[in-house]
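Chains as they are written, first to last, in the numbering used here: chain R, 1114 to 1196; chain U, 2 to 151.
Everything below concerns the one structure shown next.
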Amino acid sequence: MKLLYFAWVRERVGTSEESRDLPGSVQTAGELKTWLASIDEGYAYAFEDQAIIRVALDKKLVEDDASLADASEAAFFPPMTGG
Amino acid sequence: MRIAVQLEPFDVGAEIEALHARNPAIGAVVSFTGYCRDEGGALATLELEHFPGMAEQALAEIAEAANDRWPLQGVTVIHRHGKLAPGDPIVLVVTASAHRRAAFEAADFLMDYLKTRAPFWKKEHPRDGTSEGRWVDAKAADDQDAGRWS
């Protein structure tokens, strides 16, 4: 799956984009956050407060219980601060 | 509906004129421009990161939502990204309607929604160079403002 990171999530994981094969047990956006947090220290730091990290599947904001089944891309970022 | 995500500055007067376009059905045009503050002289530059593709899509959805909710004759939303200096314009919302109330409310709604739903992030770079920059924290007040419309 294609994974994208923005703002301080990007800085903490150390990359803006990557492709990863997900284990079968990872079915939802929230489970993907938990799995990413286990990769290494940088990911753990990026996802230390999972509840505040927003997820977009194929460029649509979703809740943590959203299924990954039909998604080809997942993006992770902090709460937005535009405007 | 005009939606733009761009590096370049925008011309507020030209955007208002373009939206109005001498349409005699329009009785009210409201515009809001957000500018980069200098934070009491402490800020050197403001860096705006965005999610290309999703940013345009999110702004279009927010504009559609405003259009569904108020009887609008037109909406323009322009958001810049990249490095900005104090005094630079960041965001522009223009709404046109037959009457002022709809135009005022729709502009207010657009700004509230855009702040919490459009994928842009601000990083402040201080003038004194003490740090490489600090990501701006999202404000709970912004979520409360967006909640006013639900």
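Using N, Cα and C, we set each Cβ at its ideal position, and we do this for glycine too.
Check your understanding: Going straight from the alpha carbon of residue 1134/R to that of residue 1156/R, what length do you get?
Key -> 16 Å
Review point. Using a beta-carbon distance below 9 Å, is residue 126/U in contact with chain R?
Key: The Cβ of residue 126/U sits no closer than 9 Å to any Cβ of chain R.
Review point. When we look at the beta-carbon of residue 74/U and count the other beta-carbons within 10 Å, is it buried (16 or more) or exposed?
Key: buried
Point to revise | Residues bridged to residue 135/U [DSSP beta-bridge criterion] | key: 125/U
Point to revise | Cβ separation of residue 49/U and residue 78/U, assumed to be a contact under 8 Å, to the nearest whole Å | key: With a Cβ gap of about 15 Å, residue 49/U and residue 78/U do not count as contacting.
Practice item. For residue 132/U, count neighbouring C-beta atoms within 10 Å of its own C-beta (all shown protein chains included) and say buried if the count is 16 or more, exposed if not. Key: Counting the other Cβ atoms within 10 Å of the Cβ of residue 132/U gives fewer than 16, which makes it exposed.
Exercise for review: Spell out whether any CB of chain U is found under 9 Å from the CB atom of residue 1196/R.
Suggested key: yes
Review point. Which bits of chain U does residue 1191/R rub up against, with CB to CB less than 8 Å?
Key: 122, 136, 139
Point to revise | Run of the beta strand (DSSP E) containing residue 51/U, from where it starts to where it stops | key: 44-51
Exercise for review: Name the one or two DSSP bridge partners that residue 107/U has.
Suggested key: Residue 107/U is not bridged by DSSP to any residue.
Check your understanding: Is there at least one Cβ from chain R nearer than 9 Å to residue 2/U's Cβ?
Key -> The C-beta of residue 2/U comes no closer than 9 Å to any C-beta of chain R.
Exercise for review: Out of 35/U, 127/U, 116/U, 123/U, state which residue places its alpha-carbon closest to the alpha-carbon of residue 147/U.
Suggested key: 116/U
Practice item. Over the uninterrupted alpha helix (DSSP H) stretch that includes residue 1155/R, give me the two end residues. Key: 1154-1159
Point to revise | Range of the contiguous alpha helix (DSSP H) that encloses residue 1163/R | key: Counting along the chain, residue 1163/R falls outside any alpha helix (DSSP H), and DSSP gives it neither H nor E.
**Study point:** Interface residues of chain R facing residue 58/U [CB-CB closer than 7 Å]
**Key:** 1172
Point to revise | Between the CA atoms of residue 1166/R and residue 119/U - distance to the nearest angstrom | key: 14 Å
Review point. Grouping DSSP H, G and I as helix and E and B as strand, with all else coil, what is residue 145/U?
Key: helix
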